[in-house]
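Peer 1:
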Amino acid sequence: MVDQSAVGRSFTPVTAQVEPGRLRYFLDTLGETNPLYRDAAAARSAGYTATPIPPTYLFCLELMDAPDPFEFLTALDIDLARVLHGEQSFVYHAPVVVGDTLTFRSRVVSVAEKKGGALTLIGVETAVTNQHGAHVADTSRTIVVRNEVAS
Amino acid sequence: MTELRTIAVGDRIVHKTFPAITRHKLALYCGASGDHNPIHVDIDFARAAGFPDVFAHGMLVMACLGQSLTDAVPPDRIRSFATRFAAITQLGAKLTCEGTVAELFEHAGERRAKLTLTTKDERGEVKLAGEAVIAI
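Chains as they are written, first to last, in numbering that gives the first Met the number 0: chain A, 0 to 150; chain B, 0 to 135.
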């Protein structure tokens, strides 16, 4: 079971490209029709330097370009089948647009047991910077691990 | 798009419904999101993990809520967006996303609003509960 010794652990930084084709696939999957995301000219006339990304897409970029998207689970010996997503947050500091190259740096910030050890809640925070070194976002997730409990 | 300058506490500025979640949608989202956890697309894996069937990615549901949010608020005006995943979203769920103005305030010279956000299924069960802070 994951314990407090995991707090402070960091993982291999992930570099991700905001590519227009992959973004379009995401938009199509979600039935997104907002012209800001689909039409670069519409985005520019609304004041963006290029097409912006939807508010949850940072989470996808980190997973898509990670050499091992489940590195953190493997490193902490967590079975993928026992993982649920508990909470997710994004704090945005600067726009992210198509063409950007982002770097994600993640670390474990908390480990807590719930329901008499049946669940372990793991907090992971990620700082996101762009190709200019600007700090564009901070994301935070809580992973819930369903532990095997002897009955 | 909503006229954000004139919003008031209690206004519902986010409201959108989505078609029923299909297995096909989960497969597409698996590829589109980079979240390849088989629990969302492989029924054998889901059953072995103790679930009756595959179920939606939490982040697929949050993406629907995000889409509902940016229908009303331009993405560059969103300062933060957070949710708690309150319940698993099953196949066939028809989601309704809503957001109401909870608070108006000023931060570092910028007028902002805090929105209370929910996503519910067609039975009214809350799947996501969260909030966003936007510049108005």
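Note that CB positions come from ideal geometry on N, CA and C, so glycine has one too.
On the DSSP bridge assignment, give the partners of cysteine 96(B) in chain order.
Peer 2: The residue labelled residue 96(B) in the question sits at position 97 within the second sequence. DSSP, once it has assigned bridges, lists Lys15(B) and Thr118(B) as partnering cysteine 96(B).
Peer 1: What three-state label does DSSP hand tyrosine 47(A) in the structure shown?
Peer 2: In the first sequence, residue 47(A) corresponds to position 48, counting from 1. In the structure shown, tyrosine 47(A) sits in coil (DSSP, three-state: anything other than H, G, I, E or B).
Peer 1: Tell me which same chain residues have a C-beta within less than 8 Å of the C-beta of glycine 9(B), skipping the five on either side of it?
Peer 2: Numbered from 1 along the second sequence, position 10 holds the residue referred to as residue 9(B). Within the same chain, glycine 9(B) has close Cβ partners Thr99 and Val100.
Peer 1: In whole angstroms, give me the CA-to-CA distance for valine 13(B) and alanine 71(B).
Peer 2: As a working note, residue 13(B) is residue 14 in the second sequence. As a working note, residue 71(B) is residue 72 in the second sequence. Rounded to whole angstroms, valine 13(B) to alanine 71(B) spans 6 Å at the Cα level.
Peer 1: Going along the chain, which residues of its own chain have a beta-carbon closer than 6 Å to the beta-carbon of proline 68(A), five neighbours each way excluded?
Peer 2: The residue labelled residue 68(A) in the question sits at position 69 within the first sequence. Closer than 6 Å at Cβ, skipping near neighbours: Leu62.
Peer 1: Among all the DSSP beta bridges, which residues are the ones paired with tyrosine 91(A)?
Peer 2: Taking the first residue of the first sequence as position 1, residue 91(A) is located at position 92. Paired residues: Ala136(A).
Peer 1: Less than 8 Å between the CB atoms is what I'm expecting for serine 105(A) and serine 9(A), so what's the real figure, rounded?
Peer 2: As a first step, residue 105(A) must be located in the first sequence, where it is residue number 106. As a first step, residue 9(A) must be located in the first sequence, where it is residue number 10. Right, the Cβ-Cβ distance comes to about 7 Å (below 8 Å), so this counts as a contact.
Peer 1: Going by beta carbon distance, what residues of the same chain come within less than 7 Å of serine 150(A), once the five residues before and after it are set aside?
Peer 2: Within the first sequence, numbered from 1, the residue matching residue 150(A) stands at position 151. Reliability fails at serine 150(A), whose pLDDT of 48 lies under 50, so the model's placement of it is uncertain and no value is given.
Peer 1: Within 10 Å of its beta-carbon, does glycine 7(A) have 16 or more other beta-carbons around it, so buried, or fewer, so exposed?
Peer 2: Residue 7(A) sits at position 8 when you count from the first residue of the first sequence. Under this definition glycine 7(A) is an exposed residue.
Peer 1: I want to know whether the stretch 117-133 of chain B touches the stretch 75-84 of chain B - three or more CB-CB distances under 8 Å.
Peer 2: The answer is yes - the stretch 75-84 of chain B touches the stretch 117-133 of chain B, with three or more Cβ pairs under 8 Å.
Peer 1: When DSSP builds the beta bridges, which residues end up paired with threonine 133(B)?
Peer 2: Translated into positions along the second sequence, residue 133(B) becomes position 134. Checking the displayed sequence, the identity of residue 133(B) turns out to be isoleucine instead of threonine. Partner(s): Ile77(B) and Ala112(B).
Peer 1: Does the ligand FMN have even one heavy atom less than 6 Å from the beta-carbon of valine 8(B)?
Peer 2: What this structure holds is no ligand at all, so the ligand FMN is not there to describe.
Peer 1: How about the stretch 112-130 of chain A and the stretch 21-38 of chain A: do they share at least three Cβ pairs that are nearer than 8 Å?
Peer 2: Segments in contact, no.
Peer 1: If you follow the alpha helix (DSSP H) that glutamate 61(A) is part of, which residue opens it and which one closes it?
Peer 2: Residue mapping note: residue 61(A) aligns to position 62 of the first sequence, counting from 1. Here the alpha helix (DSSP H) through glutamate 61(A) covers 56-64.
Peer 1: With three or more C-beta pairs closer than 8 Å as the rule, is the stretch 57-68 of chain B touching the stretch 38-49 of chain A?
Peer 2: The stretch 38-49 of chain A vs the stretch 57-68 of chain B: no contact.
Peer 1: Give the residues of chain A in contact with glycine 108(B), contact being defined as C-beta atoms less than 9 Å apart.
Peer 2: Stepping through the second sequence from its first residue, residue 108(B) is reached at position 109. Per Cβ cutoff of 9 Å: no residues; glycine 108(B) is ~16 Å from chain A at best.
Peer 1: Kindly indicate which three-state DSSP category glutamine 130(A) falls into: helix, strand or coil?
Peer 2: What you label residue 130(A) is simply residue 131 of the first sequence in a count that begins at 1. It is coil, neither helix nor strand.
Peer 1: Skipping 5 residues on each side, what residues in its chain have a beta carbon closer than 6 Å to that of proline 3(B)?
Peer 2: As a first step, residue 3(B) is located in the second sequence; it is residue number 4 there, counting from the start. Here the sequence assigns leucine to residue 3(B), which means proline is not the residue at that position. Same-chain partners within the cutoff: Ile135.
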